[in-house]
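Here the structure is laid out as structure tokens; the discussion comes afterwards.
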Amino acid sequence: MSSDNPASEVPVEEEGLFSALDLFILSILAGMAVYWYFFKNKKQEQPTFKKLTVQPVQGRMSDPSFINKMKSSGRNVIVFYGSQTGTAEEFAGRLAKDAQGYGMKGMVADPEECEMDNLSNLPEIENSLAIFCMATYGEGDPTDNAQEFYNWLQNGESDLTGVKFAVFGLGNKTYEHYNAMGIYVDKRLEELGGERIFELGLGDDDANIEEDFITWREKFWPTICEHFGVKATGDQVSIRQYSLTVHDDLLTEKCYKGEIARLGSFGNQKPPFDAKNPFLAPVNVNRELHKGGDRSCMHIEFDITGSKIRYEAGDHVAVYPVNDSELVDLIGKRLEVDLDQMFTLTNLDEEASKKHPFPCPTTYRTAFSHYLDITSTPRTHILRELAEYAQDQKDKDFLLKLTSSTPEGKTLYSDWVVKDRRNITAILEDLPSVKPPIDHLCELLPRLQARYYSISSSPKVNPTSIHITAVVVNYKTKTNRTMKGVATNWLAFKRPTNGLKPKVPIYVRKSQFRLPFKANTPVIMIGPGTGLAPFRGFIQERNFLKKEGKPVGDTVLYFGCRHKNQDYLYEDEIEEYVKDGTLTHLHLAFSRDGPEKLYVQHLLRQNMEETWKMLEKGGHIYVCGDARNMARDVHETLEKIITECGNMDKEKATNYVKQMQNKGRYSCDVNSPHGGNPHGGQLLIWELTDKLWTLGDLDHNGFLTLAELEKEFITNFDHDGSGCVVSHEFVHQWQHNYLDTHQASVHVFEHFDMNRNGAICHDDIAALFTATDHTKDNLLEKDEFDNLLLFSKCKDDYENHPNTDGVLSDILDMEAGQDFDLIQNCVFSDISDEDMINASQEHIFPDSPLAPCKLQRVSLKIDCSRHELVGILEYQEQPIDACPVVCALVAAAKLSCEKDLPARLSPLYRCRLQ
1 MSSDNPASEV PVEEEGLFSA LDLFILSILA GMAVYWYFFK NKKQEQPTFK
51 KLTVQPVQGR MSDPSFINKM KSSGRNVIVF YGSQTGTAEE FAGRLAKDAQ
101 GYGMKGMVAD PEECEMDNLS NLPEIENSLA IFCMATYGEG DPTDNAQEFY
151 NWLQNGESDL TGVKFAVFGL GNKTYEHYNA MGIYVDKRLE ELGGERIFEL
201 GLGDDDANIE EDFITWREKF WPTICEHFGV KATGDQVSIR QYSLTVHDDL
251 LTEKCYKGEI ARLGSFGNQK PPFDAKNPFL APVNVNRELH KGGDRSCMHI
301 EFDITGSKIR YEAGDHVAVY PVNDSELVDL IGKRLEVDLD QMFTLTNLDE
351 EASKKHPFPC PTTYRTAFSH YLDITSTPRT HILRELAEYA QDQKDKDFLL
401 KLTSSTPEGK TLYSDWVVKD RRNITAILED LPSVKPPIDH LCELLPRLQA
451 RYYSISSSPK VNPTSIHITA VVVNYKTKTN RTMKGVATNW LAFKRPTNGL
501 KPKVPIYVRK SQFRLPFKAN TPVIMIGPGT GLAPFRGFIQ ERNFLKKEGK
551 PVGDTVLYFG CRHKNQDYLY EDEIEEYVKD GTLTHLHLAF SRDGPEKLYV
601 QHLLRQNMEE TWKMLEKGGH IYVCGDARNM ARDVHETLEK IITECGNMDK
651 EKATNYVKQM QNKGRYSCDV NSPHGGNPHG GQLLIWELTD KLWTLGDLDH
701 NGFLTLAELE KEFITNFDHD GSGCVVSHEF VHQWQHNYLD THQASVHVFE
751 HFDMNRNGAI CHDDIAALFT ATDHTKDNLL EKDEFDNLLL FSKCKDDYEN
801 HPNTDGVLSD ILDMEAGQDF DLIQNCVFSD ISDEDMINAS QEHIFPDSPL
851 APCKLQRVSL KIDCSRHELV GILEYQEQPI DACPVVCALV AAAKLSCEKD
901 LPARLSPLYR CRLQ
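Residue numbering for the sequence shown follows the working numbering, beginning at 1 and increasing consecutively.
Shown next, in the form of structure tokens:
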């Protein structure tokens, strides 16, 4: 109202201009006007559609454009690393630091945190150089943080003309695919137009990877100086990377006490649990497995009740260990410092993505106990830095000689440090005049890494516990020092007592070491010593299925140890599995009980006919244990069996073994503490669902509410503000942000479009949420979300073609989170007409549209350039989506793959009709 008609002068009701109804209507109109002004009008100014982005995890660069960072900070050298245990990251840091001594300025970058498309813009920076330190993980796979970079290289859509690069690879010659990642990156960068300015370097961790790196580096920098016309500035100097801040009045609750990422996460546990957020698992059981002798082997059971952790037999569990307190105290005493002093180390480079070398603020005791590796042999760059703090010239000269790149220096380092197994505490003891500042030592030492153990249980039998089998590592060095395994000696004291259960920080990593999808497939397991661990889980699972009345194939175990009466692990269990028929054959090798040493590979040779018959039936072979000797001998024995029993020459036998590996029928988990690469076998749709989950879980509590799910799909993809998302909006926008996801994005859209009207609206989301929330707690868990998107496609296809018998019938029984191993077997180069007839005679799909009466031609081929399985189907009648039918056909026909392509790169969900 205006001031001309104040409230005090409003006439009485019977004399008013407006009735009560008029006032009510006016108030509604006014409210609508206000709503329009503040909301609808604001929507015009700020559309609800947002560019699709994934919420970065803690510690990632806020700006993925490394080119902008390089320009703003005056850098011209960038060193990318693909690292699993920290060594490649350490080498990258050393190269970036080296650059300053050669008139250049470097920075270290994690490719997972960078927009690698910007690499093509690197020539905009004068005298620019990209260095790649790339480790190979498992059996030829990229490391976790280099997986997306690997995929980017495979897409091959960037023009790297003018990009100058060099590559150093880190690998282990005991593995078949030695340094595969480094070799691939070097080759692929050149194919995309990059200019290699120095030869590929290869480091062998089975020998002396430090020496390999030093040898490559000492030739690398002179070449760089010559290429760019720069000169070395002189001797290498010590350059501090972090500044020290001491805290005298900081509250203890503001101080990290061993947490990996989030302060207080050990006291306030929230799923999901992963490498940055481990679960504090109570130890239910910790018992000795050896019956005698001077060695110890533990059986440990972690309680995961209520954690929502899911695992499969064959997975690995990571344990974050704590260093021996005696060693930590020794360092404090040797350097004369108060280990309980709180402090913070802060990166002097404000542009660096890593602000602290480990979680800060913390105490020196916590840093040396939880965060720093004090038991491994230190690299040469650490010893060179220590030389600056030697008060005795003899000690300084010795350290400088030890770290020189001369032949004498390399030999001295190999003998005195590597072979004598001297860690940092031993070096400080043996060189008493060396007294570095403790904060500089914190800066120099590498991070303490998680230890990985094969899970020795099955979730079908033990859904709320994870079992491991671990030998306690203790041995004497040449200097008569006792060396103790960090994790196993720490775990040895984690025993429940008086009702109290100690807790251990753990998380699960997926592995490709899996039983066949079909339980009636024969399997041969070869695992001496603790190599038995994953097979205990396999046997438990087959025993469970057998008790459920399901057909289980022949299950053969080869196990070996020193003495039957001392270290025959799980003897009673194994013998019981033989009695009840779960284990059809058990072959035991006790190497020290007879006059001659007997190993599992010897027994395998003695049972050549039995092995070949199982291979002819499509059997799978699994090997776990020592890579250098046992696994290599088993591989050679396997080729010999195929040569002699299969009547093949050596070349054909070798190809036969390779085909088994490609199809997932021959799997090894050999002396790799980090197991297989979990990402290497992911389906494309897993990558998509994980990104969608990250988008939707707005508060990062590990659950999706209905509101979050609606926001995830409606807000992010509703271009026109209609309140619904149509197909082209979702598919186009997703492909715009993540290439090569057409099939997966179409599939996701179809399953969110519940009423099949071509649009995802709020009703669709609500219906989907209700159907997927199996626990009915109004929270969508990750496994519920994944299960919907991963397996509903095949379930729909099965329902559309219910007469496709055999393989597909098992899909409906699949549990949430179980790897779709069947998919990994569907890698074949061609299905011939004869194979089709043979498959038809087995009545795999007698009534389906693929019956011979309607079939003209079916073939599968592999697109090697994109590592996809491309299905080409032609029919007399209208083509259908028949991927599952093809899958059943392939499994029935038992075809061989003519392409040397890992099965995990060609999953069913990447099939497409053409």
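Think of the CB as a built atom: it goes at the ideal place given N, C-alpha and C, for glycine as much as any other residue.
Residue i classed as buried or exposed, judged by whether at least 16 other C-beta atoms fall within 10 angstroms
i    : result
R628 : exposed
L500 : exposed
R287 : exposed
G581 : exposed
V578 : exposed
Y311 : buried
Q540 : buried
D669 : buried
L860 : Unreliable placement is indicated for L860, whose pLDDT of 33 sits below 50; no coordinate value is reported for it.
P278 : buried
R422 : buried
S307 : buried
N662 : buried
L399 : buried
D98  : buried
Whole-number beta carbon distance between residue j and residue i, since they are thought to touch under 8 Å
i    : j    : result
A519 : P551 : 7 Å
G292 : N565 : 6 Å
E210 : T380 : 6 Å
M107 : R75  : 5 Å
F80  : F213 : With 8 Å as the limit, F80 and F213 do not qualify as a contact, their Cβ atoms being about 16 Å apart.
P436 : Y389 : 4 Å
S65  : N118 : 6 Å
Extent of the continuous alpha helix (DSSP H) to which residue i belongs
i    : result
I539 : 533-547
I214 : 209-228
D669 : Note, D669: premise wrong, no alpha helix (DSSP H); beta strand (DSSP E) at 666-670.
S73  : 66-73
K564 : 564-567
D395 : 393-402
Where the beta strand (DSSP E) containing residue i begins and where it ends
i    : result
R509 : 503-509
P282 : 279-288
I468 : 465-471
T380 : That residue, T380, is in no beta strand (DSSP E); its alpha helix (DSSP H) goes 380-387.
T85  : It is not in any beta strand (DSSP E) - T85 carries neither H nor E in the DSSP assignment.
A109 : 106-109
Y919 : No statement about residue 919 is possible, as the shown extent of the chain runs from 1 to 914 and does not include it.
K484 : 482-484
K476 : 474-476
Sequence-distant residues of the same chain with beta carbon closer than 8 Å to residue i, five excluded per side
i    : result
Y184 : Y150, L153
E191 : G156
K476 : T482, M483
D159 : S120, L192, G193
D633 : Y599, Q601
V328 : L339, R365, F368, S369, I374
S72  : E351
D649 : T643
Proximal residues to residue i (C-beta, below 6 Å), its chain only, five neighbours per side dropped
i    : result
T344 : T245, C360, P361
G182 : M134, V167, G169
E301 : N284, V285, S465, H467
L545 : A519, V552
D206 : N172, K173, T174
T530 : T469, V471
Same chain only: Cβ atoms within 7 Å of residue i, ignoring 5 sequence neighbours per side
i    : result
T305 : T464
E226 : none
D593 : H563, K564
E609 : C645
Below-7 Å beta-carbon distance, residue i vs any chain C residue
i    : result
F165 : Absence of chain C from the displayed structure is noted, only one protein chain being present.
Of all the alpha helix (DSSP H) runs that stay within the bounds of the stretch 416-446, which reach a length of 4 or more residues? Counting whole runs of 4 or more residues, the stretch 416-446 contains the alpha helix (DSSP H) stretches 424-430, 438-444.
Quick one: complete beta strand (DSSP E) runs, 3+ long, within the stretch 581-657? You should have 585-590, 620-625.
If you scan the stretch 271-350 from start to end, which runs of the alpha helix (DSSP H) of 4 or more residues do you find wholly inside it? Listed in chain order, they are 325-335.
Continuous alpha helix (DSSP H) assignments of at least 4 residues falling wholly in the stretch 134-183: Complete alpha helix (DSSP H) runs here, min 4: 147-155.
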